[in-house]
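See below for the structure under consideration.
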Amino acid sequence: KAGVTQTPRYLIKTRGQQVTLSCSPISGHRSVSWYQQTPGQGLQFLFEYFSETQRNKGNFPGRFSGRQFSNSRSEMNVSTLELGDSALYLCASSPDDSILATEAFFGQGTRLTVV
Amino acid sequence: DAKTTQPPSMDCAEGRAANLPCNHSTISGNEYVYWYRQIHSQGPQYIIHGLKNNETNEMASLIITEDRKSSTLILPHATLRDTAVYYCIVRVRSGYSTLTFGKGTMLLVSP
Numbered sequence: 006k007a008g009v010t011q012t013p014r015y016l017i018k019t020r021g022q023q024v025t026l027s028c029s030p031i032s033g034h035r036s037v038s039w040y041q042q043t044p045g046q047g048l049q050f051l052f053e054y055f056s057e058t059q060r061n062k063g064n065f066p067g068r069f070s071g072r073q074f075s076n077s078r079s080e081m082n083v084s085t086l087e088l089g090d091s092a093l094y095l096c097a098s099s100p101d102d103s104i105l106a107t108e109a110f111f112g113q114g115t116r117l118t119v120v
Numbered sequence: 119d120a121k122t123t124q125p126p127s128m129d130c131a132e133g134r135a136a137n138l139p140c141n142h143s144t145i146s147g148n149e150y151v152y153w154y155r156q157i158h159s160q161g162p163q164y165i166i167h168g169l170k171n172n173e174t175n176e177m178a179s180l181i182i183t184e185d186r187k188s189s190t191l192i193l194p195h196a197t198l199r200d201t202a203v204y205y206c207i208v209r210v211r212s213g214y215s216t217l218t219f220g221k222g223t224m225l226l227v228s229p
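These protein sequences, in sequence, are chains L and A. In case it helps, this note's numbering puts the first sequence at residues 6 to 120. In case it helps, this note's numbering puts the second sequence at residues 119 to 229.
Below you can see the structure in the form of structure tokens.
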């Protein structure tokens with residue numbers, strides 16, 4: 006069974022640009038969550054999608070957005086990039102909203118560098 | 119979700135047991151204890167979880183005190199590949215899949 010796949014693995018963008026990151030969850034998983042990891046703030050929750058609906062959101066500005074498609078694949082978008090957005094962006098998938106919901110499986114992440 | 123407290127770092131000799139503590143004194147009755155680890159430059163990896171009974175799987179054992187205010191993750195025979203940051207997370211086991219990560223414990227396994 007394939008794991009969580011995130012693309013691209015590495016990305017360099019310029020301040021002011023926008024970026025889209027992609028996450029393909031484990032087959033059959035319907036919940037996808039996104040996290041940002043920086044040396045200063047650690048792992049922080051961005052948002053969670055389940056069946057194409059955002060059902061939880063972290064404390065990030067509106068420049069950070071996401072969506073989930075009918076096949077459970079998810080994308081997150083960051084507009085008007087700032088230097089502080091440089092981070093490792095991690096995607097996690099979970100089976101569904103049953104009792105197994107919090108055993109999350111993480112991808113390798115996308116390393117975003119804003120210059 | 120209940121707050122957790124972990125030591126920032128620990129050392130362990132290869133082949134010995136690594137015992138990682140976690141305090142969660144404000145844990146509620148319906149909250150579980152989860153452990154994840156993150157090896158450098160990789161995504162976090164689920165290890166084990168429990169409610170009040172001790173749990174064991176192929177990776178580790180989880181010991182939860184009777185009052186549930188603290189727990190210990192045990193890696194019985196640590197290897198160099200167990201060097202990682204270990205996160206203890208306490209939360210209910212339903213609904214949202216959101217995980218709230220603290221700073222974790224950096225475990226360094228040495229030869």
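All C-beta atoms, glycine included, are put in the ideal place defined by N, C-alpha and C. All values derive from a computational prediction rather than experimental measurement.
Show which residues of chain A have a CB atom less than 7 angstroms away from the CB atom of residue i.
i                     : result
glycine 47 of chain L : Phe219, Lys221
Closest by CA to residue i, which one among the options?
i                         : options                               : result
asparagine 171 of chain A : A:Ser159, A:Arg155, A:Ser188          : A:Ser188
valine 9 of chain L       : L:Gly33, L:Val119, L:Val24            : L:Gly33
glycine 112 of chain L    : A:Asn137, A:Ile157, A:Gly147          : A:Ile157
valine 210 of chain A     : A:His167, A:Ala135, A:Gln124          : A:His167
threonine 144 of chain A  : A:Thr218, A:Val208, A:Ile181          : A:Val208
valine 83 of chain L      : L:Ser70, L:Ser27, L:Gln46             : L:Ser70
glycine 45 of chain L     : L:Gly89, L:Gly114, L:Leu95            : L:Gly89
asparagine 137 of chain A : A:Pro229, A:Tyr150, A:Pro194          : A:Pro194
isoleucine 182 of chain A : A:Asn175, A:Glu176, A:Leu169          : A:Leu169
glutamine 257 of chain A  : L:Glu108, L:Thr118, L:Leu95, L:Ala109 : The structure shown does not extend to residue 257 of chain A, since chain A is modelled only from 119 to 229, so the question has no answer here.
serine 29 of chain L      : L:Ala7, L:Gln41, L:Gln22, L:Phe65     : L:Ala7
serine 56 of chain L      : L:Val24, L:Tyr40, L:Arg78, L:Pro66    : L:Arg78
isoleucine 68 of chain L  : L:Thr12, L:Val24, L:Val120            : Note on residue identity: the sequence assigns arginine, not isoleucine, to residue 68 of chain L. Nearest C-alpha to arginine 68 of chain L: L:Val24.
leucine 191 of chain A    : A:Leu180, A:Pro162, A:Thr201          : A:Leu180
Based on the DSSP secondary-structure assignment, which residues constitute the bridge partners of residue i?
i                       : result
leucine 86 of chain L   : DSSP lists no partner for leucine 86 of chain L.
glutamine 49 of chain L : L:Gln41
glycine 71 of chain L   : L:Met81
lysine 170 of chain A   : Lysine 170 of chain A is not bridged to any residue.
leucine 217 of chain A  : Leucine 217 of chain A pairs with nothing; no bridge assigned.
Using the three-state DSSP reduction, which class does residue i fall into: helix, strand or coil?
i                         : result
alanine 135 of chain A    : coil
leucine 225 of chain A    : strand
leucine 95 of chain L     : strand
aspartate 200 of chain A  : helix
serine 189 of chain A     : strand
glutamate 184 of chain A  : coil
glutamate 57 of chain L   : coil
glutamate 108 of chain L  : coil
lysine 121 of chain A     : coil
glutamate 149 of chain A  : strand
asparagine 175 of chain A : coil
What does residue i reach in chain L if we use C-beta pairs closer than 7 angstroms?
i                        : result
glycine 161 of chain A   : Leu95, Phe111, Gly112, Gln113, Gly114
threonine 216 of chain A : Ser38, Phe50, Glu53, Asn61
List the residues of chain L that residue i touches, going by C-beta distances under 8 angstroms, in chain order.
i                       : result
tyrosine 164 of chain A : Glu108, Ala109, Phe110
Closest Cβ-Cβ distance between residue i and chain D: below 7 angstroms?
i                        : result
histidine 142 of chain A : The question asks about chain D, but that chain is absent: this structure's protein chains are L and A.
| query | Can you find at least 3 beta carbon pairs, one from the stretch 10 to 17 of chain L and one from the stretch 53 to 64 of chain L, that sit closer than 8 angstroms? | reply | no
| the stretch 91 to 101 of chain L / the stretch 22 to 37 of chain L touching (three or more Cβ pairs under 8 angstroms) | yes
| Would you say the stretch 121 to 129 of chain A touches the stretch 199 to 207 of chain A, given that touching needs at least three Cβ pairs under 8 angstroms? | yes
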